[in-house]
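Peer 1:
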Amino acid sequence: MNATIENKKTDIITDNGLFPSSQVMLDLKNLKKVYPTPKGDYVVLENLNLQIKKEEFVTIIGHSGCGKTTMLSMIAGLNEISGGNISVLGKHIKGPGPDRGVIFQSPSLMPWMTSLQNVLLGVNQVFPDATKWQRNDIAKYYLQKVGLEDAFNKKASELSQGMQQRVGIARAFAIKPKVLLLDEPFGMLDSLTRGELQDILIEIWNKEKITAVMITHDVDEAIFLADRVVMMTSGPRAKIGDILNIDFERPRTRKSVLEHDDYYKYRKHLIDFLEH
Amino acid sequence: MKQSITLGKVTKFMGLGFFSTLKDLFTGKLEKEDFKSFLRKAVVPLVSILLFIGLWHMGAKTLYNIEADFKIEKAFNDQGPEAAEALRACIASGASSCQPNTLPSPSQVWDSYKSLLRDHNIISADKAAFIEKTAALNEKRIAEGKDAITYTGRPSFVDQIFRSLKTVFAGFLLALLIAVPLGVFIGLSPTLKSAFNWFIQIFKPVSPVVWYLLVFMIVKTLLIDSNEDSSFTISFISVGLCSMWATLVNTAMGVSSVDKDFINVAKVLKLGAFQKIFKVVLPSSLPLIFTGLKITLSVAWMVLIAIELLAQSPGLGLFVWEEFQNGANDSNAKIIVAMFVIGIIGFLLDRLMLTIQNAVSFDKSDAI
């Protein structure tokens, strides 16, 4: 399972215990997911082990239907764990909670609320002791960060898909989660908007350094955003196939990444993995 | 942001768009390309109304002739040619004593409508005079701790309309208060759903008459000591129970089909049950709840007539029944007047619900 990139040694981490526990934010141990079907159990994930460090941005790629989203929703606590365990800062998770913010594939905003109310919905829940003004300030701050300072009072249903997903980003960051889970958040957007939102996401992330796990189908997106790209094997019984360290300096710009010598080597490595 | 609300916007919002087209015609604002839509929206309905009245008039005339011929023939067979001749003359003279009793013509209905209004004016004047006359006396009686004297005269047609509206709104409110919360609980919990499902399936198709009888059995016993007239209570409870099913089923469906993403958001944010229901579940199922409420209100209005009739509760239903029993010369025409009034009020109630729905619901496209 060692992947080498020509002329360059990369760190490949596939087993546990490589990171000291003080550095680990999210720990998936022997994770298993079974869906019972009339024809017998269908094992989606088995023996899945993955550690994610504090302040790390990890992207996950793999073929459609391999169980990426299942894994992410298990981390979010929205999907039951059939075997093994998931821990955040050493504590096993029990169900969903605001310590793990989620940005869904569809923006999932309440269409009857304004963008500010949508962000406040989470903020009110996480900061119940703050004053109304403080909570408003937090929500407005993150909406400004995603470039929506003119749309505080616009109904979510009046916003374009891209704008809605910006609110989704603001909502997720505003609750200050320990881990941010992103399930193909830009999958439904056109490529121009997608680029814009990647820039916005990485800009906020550079400031907040919230541990992030993001599913994507887009190899370029995976490289641009991540510290490590995790490749999952095809299901059933999917697990971690390979991990690629992306050694670009941060903060990155799209231009510097595209012009970097290693970019095409990384890209080739990922595409080779996906094509086999 | 300042928003000017014009008459056109308001009427369009209420689904009465043709009013603004009419207004444009009179103010000369109509463009040429609007002419087609004007034809479709204003002229065509007008023509069809005239056509309807024409057909009705001819139909009524035919029925009148059939009935008159039959009467004359019967008189001829029973009493001989002289009686038949006298009857023919009597019918031709228009005397009310011998008119054939059949479907009234549009003009007869219009006359009855005017006479009902006259009747209302007389009764309200009478009532006002009575109240004025007894005002001083009542003050004294109340001071002495006695009950005030109230007007107990016959209610006018307009009074009965308002009484019917009162009954229907009380019934609608009852349906809303039972069906919406129950629907939310059933929609949220699969356990409750299976507990209530048989109940809904069995009682939904039960006829208004049977509901009335059931409510009658219960309320009669509960109010056994009370001297008050229980007909209003019985009729509004029956109306509520008959009409609540659409709201119950729609609310449960709306609540159980809330977008899974919204529920996930609520879960991730760990919203409490109260917040989850009021901030996520209810707003998102509002379009379906309103569809149910709209059906409920129209069903309530429809069954009201039958139930008032059974419960002998004053209102349009009882009015229709009494006119039918009465058999006076203009009774049939009055029944038709009541029919139009019932229809028009039903239409206005539907528009009212649509307006409320448009105002509170996030999804405008769902407002049908």
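Here the protein sequences line up with chains A and B, keeping their order. Be aware that the first sequence starts at 1, since it is given in UniProt numbering, and climbs by one per residue. Be aware that the second sequence starts at 1, since it is given in UniProt numbering, and climbs by one per residue. Each residue gets a CB set at the ideal place from its N, CA and C atoms; glycine is no exception.
For residue 303/B, collect the residues of the same chain with a Cβ closer than 7 Å to its Cβ; drop the 5 residues on either side in sequence, then sort them by chain order.
Peer 2: The residues are 208, 239, 242, 243.
Peer 1: I'd like to know whether the C-beta of residue 182/B is nearer than 8 Å to at least one C-beta of chain A.
Peer 2: No, because no Cβ of chain A sits closer than 8 Å to the Cβ of residue 182/B.
Peer 1: Tell me whether residue 177/A sits in a helix, a strand or coil according to DSSP, three-state version.
Peer 2: Coil at residue 177/A, not helix or strand.
Peer 1: Go ahead and pull the three-state DSSP assignment for residue 115/A.
Peer 2: Three-state DSSP puts residue 115/A in a helix.
Peer 1: Could you have a look at residue 277/A and say whether DSSP puts it in helix, strand or coil?
Peer 2: The structure shown does not extend to residue 277/A, since chain A spans only 1 to 276, so no value can be given for it.
Peer 1: Which partner residues of residue 83/A appear in the DSSP bridge assignment?
Peer 2: According to DSSP, which records beta bridges pairwise, residue 83/A is partnered with 32/A.
Peer 1: If you follow the alpha helix (DSSP H) that residue 240/B is in, where does it begin and where does it stop?
Peer 2: First-last of the alpha helix (DSSP H) with residue 240/B: 231–256.
Peer 1: Along the alpha helix (DSSP H) that carries residue 263/A, what are the first and last residues, could you check?
Peer 2: Here the alpha helix (DSSP H) through residue 263/A covers 263–275.
Peer 1: Just checking, does the segment 264–282 of chain B make contact with the segment 109–128 of chain A on the three C-beta pairs under 8 Å criterion?
Peer 2: A contact exists between the segment 264–282 of chain B and the segment 109–128 of chain A.
Peer 1: On the three-state DSSP scale, how would you describe residue 257/A?
Peer 2: Residue 257/A falls in the helix class under three-state DSSP.
Peer 1: What does residue 289/B pair with, by DSSP beta-bridge criteria?
Peer 2: DSSP output for residue 289/B lists no bridge partner at all.
Peer 1: Nearest to residue 372/B by alpha carbon, out of 251/B, 273/B, 262/B?
Peer 2: Absent from the structure is residue 372/B, since the part of chain B shown begins at 1 and ends at 368.
Peer 1: If you measure from the beta carbon of residue 126/B to each beta carbon in chain A, is any gap under 8 Å?
Peer 2: For residue 126/B, the answer is no, since every Cβ of chain A falls outside 8 Å of its Cβ.
Peer 1: Quick check on residue 104/A - is its C-beta less than 8 Å from some C-beta in chain B?
Peer 2: Answer yes: the Cβ-Cβ gap between residue 104/A and chain B drops below 8 Å somewhere.
Peer 1: Identify each residue in the segment 273–294 of chain B for which the Cβ-Cβ distance to at least one residue of chain A is less than 9 Å, and report them in chain order.
Peer 2: So the close ones are 275, 279, 280, 283, 284, 286.
Peer 1: Which of the three DSSP states is assigned to residue 123/A in this structure?
Peer 2: Reduced to three states, the DSSP call for residue 123/A is helix.
Peer 1: Here's the rule: buried if 16 or more other CB atoms are within 10 angstroms of the residue's CB, otherwise exposed. What is residue 271/A?
Peer 2: So residue 271/A counts as exposed.
Peer 1: Compute the distance between the beta-carbons of residue 180/A and residue 101/A, then report whether it is under 8 Å.
Peer 2: Against a cut-off of 8 Å, the Cβ pair of residue 101/A and residue 180/A comes out as a contact.
Peer 1: Need the endpoints of the beta strand (DSSP E) that residue 49/A sits in, please.
Peer 2: Element bounds for residue 49/A: 40–53.
Peer 1: Taking the continuous alpha helix (DSSP H) assigned at residue 369/B, which residues delimit it?
Peer 2: No answer is possible for residue 369/B: the residues shown for chain B start at 1 and end at 368.
Peer 1: Between the alpha carbons of residue 342/B and residue 39/B, how many angstroms are there, rounded?
Peer 2: If I take the Cα positions, the gap works out to 28 Å.
Peer 1: Is it the case that the Cβ atoms of residue 230/A and residue 267/A are separated by a distance below 8 Å?
Peer 2: Their beta carbons are not under 8 Å apart, which means residue 230/A does not touch residue 267/A by this criterion.
Peer 1: Residue 128/A: buried (16+ other C-beta within 10 angstroms of its C-beta) or exposed?
Peer 2: Looking at its Cβ environment, which holds fewer than 16 other Cβ atoms inside 10 Å, residue 128/A is exposed.
Peer 1: Residue 226/A and residue 59/A: beta carbons closer than 8 Å?
Peer 2: Yes, these two residues count as a Cβ contact at 8 Å.
Peer 1: Closest Cβ-Cβ distance between residue 260/A and chain B: below 8 Å?
Peer 2: Not an interface residue.
Peer 1: Touch check for the segment 124–131 of chain B and the segment 341–360 of chain B: three-plus C-beta pairs under 8 Å?
Peer 2: In short, these stretches do not touch, since the Cβ pair count stays below three.
Peer 1: Quick one: list the residues of chain A neighbouring residue 271/B, beta-carbon separation under 7 Å, in chain order.
Peer 2: Going along chain A in sequence order, the residues near residue 271/B (Cβ under 7 Å) are 125.
Peer 1: Which chain B residues are close to residue 78/A, counting only those with a beta carbon under 7 Å from its beta carbon?
Peer 2: The answer, in chain order, is 264, 267.
Peer 1: The alpha helix (DSSP H) with residue 149/B in it runs from where to where?
Peer 2: It is not in any alpha helix (DSSP H) - residue 149/B carries neither H nor E in the DSSP assignment.
Peer 1: Using a Cβ-Cβ distance cut-off of 8 Å, determine whether residue 356/B contacts chain A.
Peer 2: No, its Cβ sits nowhere closer than 8 Å to a Cβ of chain A.
Peer 1: Can you pull the chain A residues whose beta carbon is under 7 Å from the beta carbon of residue 261/B, in chain order?
Peer 2: Those are 104, 106, 108, listed as they occur along chain A.
Peer 1: So, helix, strand or coil for residue 59/A, using DSSP?
Peer 2: Here residue 59/A sits in strand by DSSP.
Peer 1: Quick one: using the 10 Å Cβ neighbour count with 16 as the cut-off for buried, is residue 233/B buried or exposed?
Peer 2: Classification of residue 233/B: buried, given that the 10 Å Cβ count is 16 or more.
Peer 1: Using a beta-carbon distance below 8 Å, is residue 112/A in contact with chain B?
Peer 2: Yes - at least one Cβ of chain B is within 8 Å of the one on residue 112/A.
Peer 1: Can you give me the Cβ contacts of residue 392/B inside the same chain, cut-off strictly under 6 Å, excluding the 5 residues immediately before and after it?
Peer 2: Residue 392/B falls outside the range modelled here, since chain B spans only 1 to 368, and no answer is possible.
Peer 1: Select from 187/A, 147/A, 249/A the residue whose C-alpha is nearest the C-alpha of residue 221/A.
Peer 2: Ranking 187/A, 147/A, 249/A by Cα distance to residue 221/A puts 187/A first.
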